[in-house]
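These notes concern the structure reproduced below.
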Amino acid sequence: MILVSPKGEPVNVKLFPQASGDYTGEFTPTKIGQHRIDITFANIPVQGSPFFTEVYDPSQVRIGPLPRDIIVNTENTFEINLDNAGNVPLEIKISSPTGVNVPNFKYASLQSVITGQG
Numbered sequence: 007m008i009l010v011s012p013k014g015e016p017v018n019v020k021l022f023p024q025a026s027g028d029y030t031g032e033f034t035p036t037k038i039g040q041h042r043i044d045i046t047f048a049n050i051p052v053q054g055s056p057f058f059t060e061v062y063d064p065s066q067v068r069i070g071p072l073p074r075d076i077i078v079n080t081e082n083t084f085e086i087n088l089d090n091a092g093n094v095p096l097e098i099k100i101s102s103p104t105g106v107n108v109p110n111f112k113y114a115s116l117q118s119v120i121t122g123q124g
């Protein structure tokens, strides 16, 4: 198994044999972005190889500035910056102080949210 980072650098992979005869691979990525995984058996690529996986860092998602006060039934906007996080899947949930889910609309650009009625 060969694993390559988005910058073309090799990534160390540990392989663990399983009782079934299969193997489990384990790695710790250090770069965000798409990683390529080449798997061969007897020097022949297995079906579907190469495989690709997306690595992202949710801790690098930045939100703000958030409005201090929000008025009921008005549009409110804030920015979500994913520049250093990679291709992170984004899900937005907004709750009222009582725990009620507040409807929201996620822009395709993933840069801001307009809240609905609270």
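Residues in the sequence shown are numbered consecutively from 7, following the numbering used here.
All C-beta atoms in this analysis are idealised placements derived from N, C-alpha and C, irrespective of residue type, glycine included.
Note that this is a predicted model, so its numbers are computed, not measured.
query: Under DSSP, the beta strand (DSSP E) around GLU60 begins and ends at which residues?; result: 57 to 61
query: Thinking C-beta only, is TYR62 closer than 8 Å to ILE98?; result: no
query: Measuring CB to CB, does PRO51 end up less than 8 Å from ASP44?; result: yes
query: For GLN40, does the three-state DSSP call read helix, strand or coil?; result: strand
query: Compare the Cα-Cα distances from SER102 to each of ILE76, GLY92 and ILE86 and report the closest residue.; result: ILE76
query: Going by DSSP, what residue range makes up the beta strand (DSSP E) through PHE84?; result: That residue, PHE84, is in no beta strand (DSSP E); it is neither H nor E in DSSP.
query: Assuming HIS41 contacts LEU21 (C-beta within less than 8 Å), just tell me the rounded distance between them.; result: No, HIS41 and LEU21 are not in contact; Cβ-Cβ is about 16 Å, not under 8 Å.
query: Can MET7 and GLY31 be called in contact, C-beta distance under 8 Å?; result: yes
query: Ignore the nearest five residues each way along the sequence and tell me which others in GLU60's own chain have a CB closer than 6 Å to its CB.; result: GLN40 and ASN93
query: Can you give the Cα-Cα distance for ASN82 and ARG68, rounded to whole angstroms?; result: 17 Å
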